[in-house]
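1191 is the number of the first residue of the sequence shown in the working numbering; add one for each residue after it.
Here the structure comes first, spelled out in structure tokens, and everything after it is commentary.
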Amino acid sequence: MKQLLAAVALLGLSSAGWAQDDGAVSGSGAVLRGLDKVNGRTVDADLQTGGSAELFGLLVTLSDCRYPADNPTGDAFAFLTIRDPNSGAVQFEGWMIASSPALSALDHSRYDIWVLRCNSS
């Protein structure tokens, strides 16, 4: 179990370092997708950096969305804070990577939220 926790910690540190890489450019916003796992319904949200939106009763705030400078359609990664709007409890806070949503994912019994891409203009 300790080895698993150490591996997860290393992945978290490496993704945080990647998010600060000079080869990445901040986008003006991001496109996110939410999934209701009970009924299979999906919804997309277009958020501006610093903005928030409600997806299936969860308040999602986008702090930053970055993508490779040499490949604007490349892998996006976004810093999200996801809260329960009623209690204010943070359900998720951190970097989410578009190509690997399970690497750093929202842990919710009913809903999934992930990054699709950054908006470059």
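C-beta: ideal position from N, C-alpha, C; glycine also.
For residue i, which of helix, strand or coil comes out of DSSP?
i, result
"LEU1252", "strand"
"ASN1309", "strand"
"PHE1246", "coil"
"SER1289", "coil"
"GLY1219", "strand"
"LEU1270", "strand"
For residue i, which residues in the same chain have their Cβ closer than 7 Å to its Cβ, ignoring the five residues on either side in sequence?
i, result
"ASP1254", "SER1216, THR1239, ALA1268 and PHE1269"
"HIS1298", "GLN1281"
Just to confirm my understanding: we take residue i, look at its own chain, exclude 5 residues before and 5 after, and list those with CB closer than 6 Å. What are they?
i, result
"PHE1282", "ILE1272 and LEU1296"
"GLY1219", "LEU1237, GLN1238, THR1239 and ASN1309"
Exposed or buried, which one is residue i when buried takes at least 16 other CB atoms within 10 Å?
i, result
"ARG1231", "exposed"
"ARG1256", "buried"
"VAL1228", "exposed"
"ARG1300", "exposed"
Pick from the options: whose alpha carbon is nearest that of residue i?
i, options, result
"ARG1223", "ASP1234, ALA1214 and GLY1213", "ASP1234"
"GLU1244", "PRO1275, ASP1226 and TRP1285", "PRO1275"
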